[in-house]
Each structure stands twice: as structure tokens, then as C-alpha cells.
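Asks:
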Amino acid sequence: MSVTYSPYLKTTKGSTDAKVYIRITENRSHRYVSLDETIKVSQWNPKKKEVRSSLGDESTRINQKIGDTIENLKSVHKETKNTQKTTSNSKQSFTKYFEDELNHLGEMQKWGSKKKYGTSYYHLQKFQELKKVKGTLFTDITSIWVRDFQTYLFKVKTPKETYMKHNSVMNIMKSIRRCYRLAIKQRVFIPTIDPFITFENTTKPVEKKHLTSADVEKIFRLDTDDKYLLLTKKCFLCQLYGQGMRVSDLLTLKFRKVTDDGRIEYTQFKTKKHHQFLLSLPFLNTVKDFLDVDTSHLSLKDMVTEYHLDGKKEILNIEQLRQKVLQYLPAGGSTHRGGKYDMDKAKQIQDMISEMTDSYYYLLKTFFINYAKKNPDKFIFPLLPNQHYTGIDFNDEVRLTKPQYNRLSSTTALYNKRLKTIQELCNIETTLTTHLSRHTYTNLLLMTTEDVYTVSKSLGHQKLETTQHYIDNFIKEKIDEPNQNLMNTFSIV
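What the sequence shown shows, in numbering that gives the first Met the number 0, is residues 0 to 492, in sequence order.
As C-alpha cells, then:
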């Protein structure tokens, strides 16, 4: 009896929303597979059994998902019919297949994935040595083999003579399982039963450590003659100012990603997802030091304005204006020297400070955007040599050579090493790492807003669960406001 697969819209009485399913019909009985997609009933074409094109890009995405799901279901059905058959390649080597896949990842220049799977392959070889076998066949991988391999991993000692962490074991097990199932998908081997059926991916939550506001201030105030530590300090602060930017993005951001409206819009190196953030004053005030042109005229400290009081005129800088404000503020919670009159003066001077800061921000932003237009292929942060990555646009299709990827990795390691030195100099208890900036930014932003969705989009997460466990088409101003509020808490002078 043939099996049919048909897109199906499941509606609920009284609701204009409906969920998309695939209906499987076999022997006149039906089963339904959810696509986890919800649309308006009016957006569904019942004749063509697809989402109407009026929904735009979403219709293309969902309709593609419908087609892909049906093909996958057909594939699974075909495999199920063959599970009891003996395959002619039952002596196929899993070890050799794994090795071939690693080589394929190298040919595709997916060095991060190759490194990740290479770790799993290394432990597979060590397990084979322990078992005194030269290789592992697909038919060797049974539920008992999976159990024994997992047990072996839990007994592995690290270079620090500690046992491998639970989540590291789970990641290796998932890599082995993913490779095994890829072979099935490619028809290299067809099992009679899934050997990973008893494997439970019990990833444990990891404590997300972060810096306090006081810790961040310590880093900001750090004064050092070491130019490399000074560079590292400024880059780490820019990770905070850049909405918890990952170190891989810090290293690979080029000036071509700067937009005319004062943003940096880029593809995240790790996730290949689009992200953006506003060029804030703290960010610009820091990165101006990285420009290979004279920026001595770009200094808020050196800006002056006319101050008039009781017919007298003074030329004051921003620090002098701040001192003037203190003269007119209430002392100890009570007014003095005329009360309201003094507060009005304080407000007037504070407005002058704000205007001065806004003027500096505009001047700095305009200068930075113009520089970016003239130097599109240069890195914003001077951590990687421009000449080794000439012409490379770090988008969702970027492919690096192995030397380029290795330089990226070694620069990250050196960056982390220098952060440890900064940690010691600042007397900070929490271990300073590149990723700590992301956790710190998240914590500080949550102190200024309770909108988890905003936090998730600021971090570039694709799922709310990721943010809740650890807010793409989103109104930019919605993200800008809390981020600007946070930026206003950082010192620039």
C-alpha cells in the first residue's frame, strides 16, 4: 500500500491562527508531523496546499521547509522498510568513513568543524587502542559499544590531571552520533536498530560568570605602558560596547561593515547570522585610537564652550563645567544659596555638558564613517594583519585557508593570555576571558531593562530559549534605547 504525504493546516475554532503539519496517510489511517510553524488562516492557499506568496520571504522559507520535511519523511520510510535487510557493505569501516569526513571538511575549508570533529576522532582512536583493535566497523557500533565508549570518555584525564567535563563528553558523543547518522543518510550503511537509542544527551547547565560594574571600571581605569596590554584592554571594552561581541567578530570586523547611519552591520563569524549594533560614544571614543591618522583633535577633554553668569563670560572645558554643577547642587539633600535658583543653574550647566557631549559624538561619528569609506578592507581592530586577509569579506559564505584560520585561533589564544595579565593587574577575582565580555554585557543590560527579547536580539541569539538559558527583523530603536542607557553608564574621560 502506497504512503502519501500532504501539507495540512490545522485550525482551531475561534482562532485566526493555524499550525502547519504534514499529514501522512497509509492504509487509510492518518498521522501528523508538526513543522512548528504558525500562520494566519488567510495566508494559506488550500488548493495549492502552500503558504501564499503575499507573506514574502516567510512564505518561501515555510514552503521550502514543507518540501524538505516531506522528502525527509519519505527517506525515513524507505530506510524503515530496509532495516531488516542485510547490506552488502556491512564490513564498512566507521573509522575510515570518519576520517574521510574530516578530510572533506578540510576541503570545504570548514576548519572550526574539522577541529571539533577532530577531537572526537582522536578519542575514537584512543578507545580503539584501549580495545586493541585497528579500527571500528559500522556493525561494531551497538548500544553496548556506545555505553563503553561513553564510559571511557568519563575516565579520560586532561593535561591538568582532571577528568573530562560532563558537557565535553556529551559533545564528543554527539559528534560520533552525528557522523554515524550522516553515513546512514548517505546510504553508506543501513542499521537494523539505532545503537544510540539508549544514549541520553544530558548536557548540564554551566554557570555564567560575569564582571561587576566595579570590575569594568577597574579595567577602564587601568593605566599601563605596555602597548599590547593597552590594546587588549581597549578591545575587551569594545566587546562590551559592541553588545557583547564575540572575539571572532572582534578580530574579523572590517570597516566595510560601517553604515552611513552610524551602525556596524555584519555576519557573525560563529553562527553566520546577521547582526548589528549602534556606534555608541564609548565605542567610538575607544576605536579612534586604532585609526592610522591624526585624531588628536578628537578629544572631549579639549573641547571648550562659553559660560555666562551675571554678565561674566568664561571659556570652560567639560571638567570645569562639571565642577560648576557641583557648586549649585543641594548639599546633603537640602537646598542652599536660594534653593530653586541654584538648581536651575545646575540644570543649565548640565544641559551645556550634554550639548557639548552630543557635539563631540557627532564629530567623532562623522569622522569614523568617513574613514571607513576610505578604508573598507582594513580591520577595525588592529589584531590581525590586513595583508593576510585582503579582499576577504567575512559574510555567511566566507572560506579561510588553513593558515588564515590558524592565525585567527592563535591570535585569540594570545588575546586571552593578555586578559589574564589584565585580570591580575586589576585584582579581579573572576577569570578574565574573551567570552566573559558577553556574559558581563548580558548582566549589565539586564540591569537596565527587563525585556528579555531585547537582550536576545542585542546578543544576536536566534532563539529566546538561548537567552533564557544562558532577545532578525526587529525595530532597531527598540534595541538602541536600552543599549544607549547602558552606554551612558560607561566612562569615556
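Just so it is clear, CB atoms sit at the ideal spot from N, CA and C, and this is done for glycine as well.
Check each candidate in Met342, Lys131 and Ser119 and name the one with the smallest Cα separation from Gln326.
Replies: Closest option to Gln326, Cα to Cα, is Met342.
Asks: Considering only C-alpha positions, which residue in the set Leu72, Gly243, Lys131 and Trp110 is nearest to Thr439?
Replies: Checked all of Leu72, Gly243, Lys131 and Trp110; the closest Cα to Thr439 is Gly243.
Asks: Throw me the rounded Cβ distance for the Lys356 and Leu299 pair, which I believe falls under 8 Å.
Replies: Checking the sequence shown, residue 356 turns out to be Thr, not Lys. Correct: roughly 7 Å between the Cβ atoms.
Asks: Could you give the first and the last residue of the continuous beta strand (DSSP E) run that contains Val205?
Replies: First-last for Val205: undefined, no H or E at that position.
Asks: Give the DSSP-derived three-state secondary structure of Gln242 in the structure shown.
Replies: Coil, per DSSP.
Asks: Give the range of the beta strand (DSSP E) segment to which Thr118 is assigned.
Replies: Looking at the DSSP string, Thr118 is not in any beta strand (DSSP E); the run it does join, the alpha helix (DSSP H), is Trp110 to Lys130.
Asks: Here's the rule I'm using: 16 or more other beta-carbon atoms within 10 Å means buried, otherwise exposed. How should Met518 be labelled?
Replies: Residue 518 falls outside the range modelled here, since the chain spans only 0 to 492, and no answer is possible.
Asks: Since Leu435 and Leu210 should fall inside the 8 Å C-beta cutoff, what is the C-beta to C-beta distance between them, to a whole number of angstroms?
Replies: The Cβ separation is near 6 Å, so the contact holds.
Asks: Which residue wins for smallest C-alpha separation from Asp350, given the options Leu320, Tyr31 and Leu418?
Replies: Per the Cα distances, Leu320.
Asks: In chain order, what residues of the same chain have a beta carbon less than 6 Å from the beta carbon of Thr334, not counting five sequence neighbours either side?
Replies: A caution first: Thr334 carries a pLDDT of 47, below 50, which makes its placement in the model too unreliable to give a value.
Asks: If you draw a straight line from the alpha carbon of Pro281 to that of Met486, how long is it in whole angstroms?
Replies: Pro281 and Met486: Cα-Cα distance of roughly 7 Å.
Asks: What is the DSSP secondary structure of Asn394, reduced to helix, strand or coil?
Replies: In the structure shown, Asn394 sits in coil (DSSP, three-state: anything other than H, G, I, E or B).
Asks: Is the Cβ-Cβ distance between Tyr96 and Ala182 less than 7 Å?
Replies: Yes, the Cβ-Cβ distance between Tyr96 and Ala182 is below 7 Å.
Asks: Please look up how many angstroms separate the CB atoms of Ile368 and Val257, rounded, as I've assumed it's under 8 Å.
Replies: About 6 Å; that satisfies the 8 Å criterion.
Asks: Measuring CB atoms only, is the stretch 256-274 touching the stretch 216-230, in the sense that at least three cross pairs come out at less than 8 Å?
Replies: In short, these stretches do not touch, since the Cβ pair count stays below three.
Asks: Do Phe93 and Thr135 have their CB atoms nearer than 7 Å?
Replies: Against a cut-off of 7 Å, the Cβ pair of Thr135 and Phe93 comes out as a contact.
Asks: Consult DSSP for His468 and reduce its assignment to one of helix, strand or coil.
Replies: With a pLDDT of 47 at His468, under the threshold of 50, the modelled position of this residue cannot be trusted, and the question is left open.
Asks: Classify Glu199 as helix, strand or coil using the three-state DSSP reduction.
Replies: Note: Glu199 maps to coil in three-state DSSP.
Asks: Please list the terminal residues of the continuous alpha helix (DSSP H) segment that includes Arg177.
Replies: Residues His165 to Lys184.
Asks: Along the chain, where does the beta strand (DSSP E) that runs through Pro402 open and close?
Replies: Element bounds for Pro402: not the beta strand (DSSP E) but the alpha helix (DSSP H), Lys401 to Leu424.
Asks: Measuring alpha carbon to alpha carbon, tell me which residue in Ile491, Phe489, Thr488 and Glu428 is nearest Lys208.
Replies: The shortest C-alpha separation from Lys208 is found at Glu428.
Asks: State the beta-bridge partners of Tyr306 as determined by DSSP.
Replies: Partner(s): Glu313.
Asks: For the stretch 399-415 and the stretch 194-209, state whether three or more C-beta atom pairs, one from each stretch, are separated by less than 8 Å.
Replies: The answer is no - the stretch 194-209 does not touch the stretch 399-415, with fewer than three Cβ pairs under 8 Å.
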